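Protein chains in written order, with my numbering: chain A, 315 to 537; chain B, 315 to 537.
Working notes, structure below.
Protein chains: 2
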Amino acid sequence: MTAVLVIEDDDRIRLALLLALEEEGYAAYGAASAEEGLRRHQQEPADNILVDLMLPGLDGFECIRQLRRDDDVPIVVVSARDDTHDIVAALEAGADDYVIKPVAIKELSARLRALRRRARAASPVSVQVFGDLEISAEAGEVRVSGRPVALTRTEFRLLCELALHAGKVLSRQQLLQRVWGYDTGDERLVDVHVGRLRQKIEQDPANPRHLVTLRGLGYKLQR
Amino acid sequence: MTAVLVIEDDDRIRLALLLALEEEGYAAYGAASAEEGLRRHQQEPADNILVDLMLPGLDGFECIRQLRRDDDVPIVVVSARDDTHDIVAALEAGADDYVIKPVAIKELSARLRALRRRARAASPVSVQVFGDLEISAEAGEVRVSGRPVALTRTEFRLLCELALHAGKVLSRQQLLQRVWGYDTGDERLVDVHVGRLRQKIEQDPANPRHLVTLRGLGYKLQR
DNA sequence: CAGATTCATGACAGTTGCGTGACAAAAACG
DNA sequence: CGTTTTTGTCACGCAACTGTCATGAATCTG
Numbered sequence: 315m316t317a318v319l320v321i322e323d324d325d326r327i328r329l330a331l332l333l334a335l336e337e338e339g340y341a342a343y344g345a346a347s348a349e350e351g352l353r354r355h356q357q358e359p360a361d362n363i364l365v366d367l368m369l370p371g372l373d374g375f376e377c378i379r380q381l382r383r384d385d386d387v388p389i390v391v392v393s394a395r396d397d398t399h400d401i402v403a404a405l406e407a408g409a410d411d412y413v414i415k416p417v418a419i420k421e422l423s424a425r426l427r428a429l430r431r432r433a434r435a436a437s438p439v440s441v442q443v444f445g446d447l448e449i450s451a452e453a454g455e456v457r458v459s460g461r462p463v464a465l466t467r468t469e470f471r472l473l474c475e476l477a478l479h480a481g482k483v484l485s486r487q488q489l490l491q492r493v494w495g496y497d498t499g500d501e502r503l504v505d506v507h508v509g510r511l512r513q514k515i516e517q518d519p520a521n522p523r524h525l526v527t528l529r530g531l532g533y534k535l536q537r
Numbered sequence: 315m316t317a318v319l320v321i322e323d324d325d326r327i328r329l330a331l332l333l334a335l336e337e338e339g340y341a342a343y344g345a346a347s348a349e350e351g352l353r354r355h356q357q358e359p360a361d362n363i364l365v366d367l368m369l370p371g372l373d374g375f376e377c378i379r380q381l382r383r384d385d386d387v388p389i390v391v392v393s394a395r396d397d398t399h400d401i402v403a404a405l406e407a408g409a410d411d412y413v414i415k416p417v418a419i420k421e422l423s424a425r426l427r428a429l430r431r432r433a434r435a436a437s438p439v440s441v442q443v444f445g446d447l448e449i450s451a452e453a454g455e456v457r458v459s460g461r462p463v464a465l466t467r468t469e470f471r472l473l474c475e476l477a478l479h480a481g482k483v484l485s486r487q488q489l490l491q492r493v494w495g496y497d498t499g500d501e502r503l504v505d506v507h508v509g510r511l512r513q514k515i516e517q518d519p520a521n522p523r524h525l526v527t528l529r530g531l532g533y534k535l536q537r
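See the structure below:
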């Protein structure tokens with residue numbers, strides 16, 4: 315899921331944006347000042363940042379500069395001011411786009427998508443690490459203690475699904491639904507594939523450390 | 315010098331934009347229709363393209379799609395229509411930005427700069443090396459262990475597409491889409507061309523080291 | 001403790017995915 | 001216009017994968 319951070323001091327506007335973004339399928343969270351925004355982004359890096367220009371304390375321009383200092387995240391200015399000078403200054407400061415409030419959420423969403431398309435092209439492959447287990451969804455590659463392991467498509471999908479919800483239990487029904495697309499079916503099928511997956515990714519398949527069974531509940535992937 | 319191509323059918327607006335862009339220090343040239351624009355861009359590739367949506371013949375959306383088919387040049391839509399639906403559609407088609415006419419030249423210039431900053435970061439290096447395999451996209455040349463190899467156009471495009479996303483899996487669907495422009499089609503077509511490509515670039519085509527198959531997922535190019 | 005659940009695992013047959021060679025249509029070339 | 005090259009389609013065969021089942025172990029329940 316794509317995380318979007320909204321830095322905007324007006325509570326109503328911020329909440330409206332957050333709600334609309336969530337509606338569009340983003341994981342959205344907010345900050346009421348530049349300082350808070352910078353802090354939150356440091357704790358939990360966003361994939362996109364929306365920022366207002368008129369902020370109490372540190373203003374939007376300075377906020378953008380500070381973000382840009384050590385991050386390449388796509389930044390969109392959402393401002394009420396339709397002023398060439400502001401637009402130029404914001405873009406010069408390092409913003410990627412500038413939209414005028416009020417903005418249609420569909421447009422905003424499309425602009426965010428276009429930006430991420432650009433940003434992603436340059437980004438290296440992302441890897442999820444679970445101790446000695448490394449998963450790179452984009453490269454279609456899984457490593458155990460650095461050694462590449464060959465997984466079948468179903469095993470790979472299953473692992474990705476579990477990794478996506480790392481630390482959380484997924485029932486066999488949920489897995490059937492998400493990995494196989496079955497609305498109904500034999501839950502034993504999941505067991506079999508979990509077993510095969512364990513043979514490949516666990517040091518001791520009989521005593522799994524990552525892919526553990528929660529009797530009566532389902533399976534989960536942990537560190 | 316940065317070259318900007320302006321695709322706009324209204325003579326006055328096009329000339330005004332060209333003059334203003336030259337004032338800003340760009341090398342600007344124009345086209346009065348999508349067809350002419352595509353042709354001119356092919357002859358003399360621009361660093362940025364401005365395009366109007368309402369064009370005689372091929373419309374702006376289609377123009378964008380055709381440009382995107384084999385180029386990653388930053389595209390800005392300059393339109394009189396302030397309509398969310400148009401904006402979303404243009405961005406979906408592959409545009410990077412959308413501004414409403416009339417637009418301040420300073421703003422336009424700043425947006426172009428911001429876009430190029432992104433595009434440059436994402437632009438693939440002209441020569442990519444994968445062990446004994448060297449790809450020079452601009453020169454249209456491929457070498458294996460220093461020896462030049464003759465590829466057909468499709469093989470070359472396929473290789474470039476894979477190289478562009480080096481290390482990442484591309485599904486047959488994605489390749490059909492990106493290399494052939496087919497939205498739908500027989501996926502075996504990809505297999506065949508991958509096979510032919512392997513004959514030319516792999517030391518041992520039966521055991522490929524660079525262009526590897528990920529069963530059920532697709533193909534990827536690696537070092 | 002006995003019976004009932006729940007899960008792990010090995011075997012197996014049917015299915016799928018992929019590589020390859022052959023061939024005709026289409027395009028490029030001279 | 002004929003020749004050569006490239007492209008897309010097809011069919012075949014092998015290897016790998018998938019899903020089902022049976023069996024037995026582990027765990028829960030009363």
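Ideal Cβ positions, reconstructed from N, Cα and C, are used throughout, including at glycine.
None of the values given here were measured: they were computed from a predicted structure.
>> On the DSSP bridge list, what partners appear for Val441(B)?
In response: The residue labelled residue 441(B) in the question sits at position 127 within the second sequence. In DSSP, Val441(B) forms a bridge with Ser450(B).
>> Closer than 8 Å is the cut-off here; do at least three beta carbon pairs connect the stretch 389-397 of chain B with the stretch 409-428 of chain B?
In response: yes
> So what does DSSP say about Leu525(B), is it helix, strand or coil?
Replying inline: Along the second sequence, read from residue 1 onward, the residue named residue 525(B) stands at position 211. Of the three classes helix, strand and coil, the one that applies to Leu525(B) here is strand, per DSSP.
> Out of Asn521(A), Leu476(A) and Asp446(A), which has the shortest C-alpha to C-alpha gap to Lys534(A)?
Replying inline: One-based indexing of the first sequence puts residue 534(A) at position 220. Out of Asn521(A), Leu476(A) and Asp446(A), Leu476(A) has the C-alpha closest to the C-alpha of Lys534(A).
> Using 8 Å as the limit for Cβ to Cβ distance, is Thr527(B) near chain A?
Replying inline: Position 213 of the second sequence holds residue 527(B). So no, Thr527(B) is outside the interface.
> Of the residues Asp385(B), Leu447(B) and Arg510(B), which one's Cα is nearest the Cα of Gln536(B)?
Replying inline: Looking up residue 536(B) in the second sequence gives position 222. Selected option, being the one with the closest Cα: Leu447(B).
>> In the DSSP output, which residue or residues are listed as bridge partners for Glu455(A)?
In response: In the first sequence, counting from the first residue as 1, residue 455(A) sits at position 141. Looking at the DSSP output, Glu455(A) bridges to Ser450(A).
> With which residues is Arg461(B) paired in a DSSP beta bridge?
Replying inline: Residue numbering aside, residue 461(B) sits at position 147 when the second sequence is read from its first letter. Val458(B), per the DSSP bridge assignment.
> Does the distance from the C-beta atom of Arg430(A) to that of Asp361(A) stay below 8 Å?
Replying inline: Against the first sequence, residue 430(A) aligns to sequence position 116. Against the first sequence, residue 361(A) aligns to sequence position 47. Yes, the Cβ-Cβ distance between Arg430(A) and Asp361(A) is below 8 Å.
> From Leu367(B), Val441(B), Ala342(B) and Asp325(B), pick the residue whose C-alpha is nearest to that of Glu452(B); which is it?
Replying inline: Working through the second sequence from its first residue, we reach residue 452(B) at position 138. The residue with the shortest Cα to Cα distance from Glu452(B) is Val441(B).
>> Quick check on the burial criterion: 16 or more other C-beta atoms within 10 angstroms. Buried or exposed for Glu322(A)?
In response: Indexing the first sequence from 1 puts residue 322(A) at position 8. The residue in question, Glu322(A), is buried, as its Cβ has 16 or more Cβ neighbours within 10 Å.
> Which two residues bound the contiguous beta strand (DSSP E) that contains Leu293(B)?
Replying inline: Limits of chain B in this structure are 315 at one end and 537 at the other, which puts residue 293(B) out of reach.
>> Please report the straight-line C-alpha distance between Gln380(B) and Asp518(A), rounded to a whole angstrom.
In response: Residue numbering aside, residue 380(B) sits at position 66 when the second sequence is read from its first letter. Residue numbering aside, residue 518(A) sits at position 204 when the first sequence is read from its first letter. Approximately 53 Å, taken between the alpha carbons.
> At what residues does the beta strand (DSSP E) containing Lys514(A) begin and finish?
Replying inline: The residue labelled residue 514(A) in the question sits at position 200 within the first sequence. Not the beta strand (DSSP E): Lys514(A) falls in the alpha helix (DSSP H), residues Arg502 to Ile515.
> What are the partner residues of Gly344(A), as DSSP defines its beta bridges?
Replying inline: Taking the first residue of the first sequence as position 1, residue 344(A) is located at position 30. Paired residue(s): Val320(A).
>> Can you find the residues in the same chain that come closer than 7 Å, C-beta to C-beta, to Ser423(A), ignoring five residues on each side of it along the sequence?
In response: Translated into the one-based positions of the first sequence, residue 423(A) becomes position 109. These residues qualify, in order along the chain: Glu338.
> Out of curiosity, what's the CA-to-CA distance linking Arg512(B) and Cys377(B)?
Replying inline: If you number the second sequence from 1, residue 512(B) lands on position 198. If you number the second sequence from 1, residue 377(B) lands on position 63. In a straight line, the C-alpha of Arg512(B) is about 34 Å away from that of Cys377(B).
> Using the beta-carbon of each residue, which ones in chain A are nearer than 9 Å to Lys420(B)?
Replying inline: Translated into positions along the second sequence, residue 420(B) becomes position 106. For Lys420(B), the C-beta contacts it makes with chain A under 9 Å involve Thr398, His399, Ile401 and Val402, in order along the chain.
> Could one say the Cβ of Val483(B) lies closer than 8 Å to chain A's Cβ atoms, at least one of them?
Replying inline: Residue 483(B) sits at position 169 when you count from the first residue of the second sequence. Yes, Val483(B) counts as interfacial toward chain A.
>> Just to confirm the assignment: which complete beta strand (DSSP E) runs, minimum length 3, are found wholly within the stretch 380-431 of chain A?
In response: 389-393 and 411-414
> Under 8 Å between the Cβ atoms of Leu473(B) and Leu490(B)?
Replying inline: Within the second sequence, the letter at position 159 stands for residue 473(B). Within the second sequence, the letter at position 176 stands for residue 490(B). For Leu473(B) and Leu490(B), no; Cβs fall outside 8 Å.
> Quick one: Cα of Ala341(B) to Cα of Arg492(B), how far?
Replying inline: On the second sequence, position 27 is the one that residue 341(B) refers to. On the second sequence, position 178 is the one that residue 492(B) refers to. The straight-line gap from Cα to Cα measures roughly 30 Å.
> From what residue to what residue does the beta strand (DSSP E) around Leu535(A) run?
Replying inline: Stepping through the first sequence from its first residue, residue 535(A) is reached at position 221. Element bounds for Leu535(A): Gly532 to Leu535.
> Could you give the distance in angstroms between the alpha-carbon of Gln487(A) and the alpha-carbon of Leu331(B)?
Replying inline: Along the first sequence, one-based indexing puts residue 487(A) at 173. Along the second sequence, one-based indexing puts residue 331(B) at 17. Between the alpha carbons of Gln487(A) and Leu331(B) lies a gap of roughly 59 Å.
>> Check whether chain A comes within 8 Å of Lys534(B), counting only Cβ atoms and requiring the distance to be less than that.
In response: As a position in the second sequence, residue 534(B) is number 220, starting the count at 1. Closer than 8 Å: yes.
> Do you know offhand how far Thr264(A)'s Cα is from Ala520(B)'s?
Replying inline: Residue 264(A) lies beyond the residue range present for chain A, which begins at 315 and ends at 537; the question has no answer from this structure.
>> Against chain B, with Cβ distances strictly below 8 Å, would Arg383(A) count as a contact?
In response: For the purposes of this step, residue 383(A) is taken as the residue at position 69 of the first sequence. It does not: the Cβ of Arg383(A) has no partner Cβ on chain B nearer than 8 Å.
>> Can you tell me whether Leu484(A) is helix, strand or coil according to DSSP?
In response: By one-based count along the first sequence, residue 484(A) stands at place 170. Strand.
>> Taking 8 Å as the threshold (beta carbon to beta carbon), is Ala424(B) in contact with chain A?
In response: Your numbering for residue 424(B) matches position 110 in the second sequence. Chain A, which has a Cβ nearer than 8 Å to the Cβ of Ala424(B), makes this yes.
> Rounded C-beta distance between Pro388(B) and Ala433(B)? I'm assuming under 8 Å.
Replying inline: As a position in the second sequence, residue 388(B) is number 74, starting the count at 1. As a position in the second sequence, residue 433(B) is number 119, starting the count at 1. Pro388(B) to Ala433(B), Cβ: 5 Å. Contact.
>> Mapping the DSSP letters down to three states, classify His355(A) as helix, strand or coil.
In response: On the first sequence, position 41 is the one that residue 355(A) refers to. Three-state result, His355(A): helix.
>> 8 Å is my cut-off, CB to CB: does Thr498(A) come that close to chain B?
In response: Taking the first sequence and counting its residues from 1, the one referred to as residue 498(A) is at position 184. Thr498(A) does not count as touching chain B.
>> Against Leu367(A), what residues of chain B qualify as contacts under a CB-to-CB distance less than 9 Å, listed in chain order?
In response: Looking up residue 367(A) in the first sequence gives position 53. Chain B residues near Leu367(A): none, gap ~14 Å exceeds 9 Å.
> Which residues of chain A have a Cβ atom closer than 7 Å to the Cβ of Asp361(B), listed in chain order?
Replying inline: Taking the first residue of the second sequence as position 1, residue 361(B) is located at position 47. Ordered by position in chain A, no residue passes the 7 Å Cβ test against Asp361(B), which lies about 15 Å from the chain.
> Gly371(B) versus chain A: which residues are under 7 Å apart at the beta carbon?
Replying inline: Start at 1 with the first residue of the second sequence, and residue 371(B) comes out as number 57. Per Cβ cutoff of 7 Å: no residues; Gly371(B) is ~25 Å from chain A at best.
> Between the stretch 450-469 of chain A and chain B, which residues of the former have CB atoms less than 7 Å from a CB of the latter, in chain order?
Replying inline: Residues of the stretch 450-469 of chain A with a C-beta less than 7 Å from any C-beta of chain B: Glu452, Ala453, Gly454, Thr466 and Arg467, listed in chain order.
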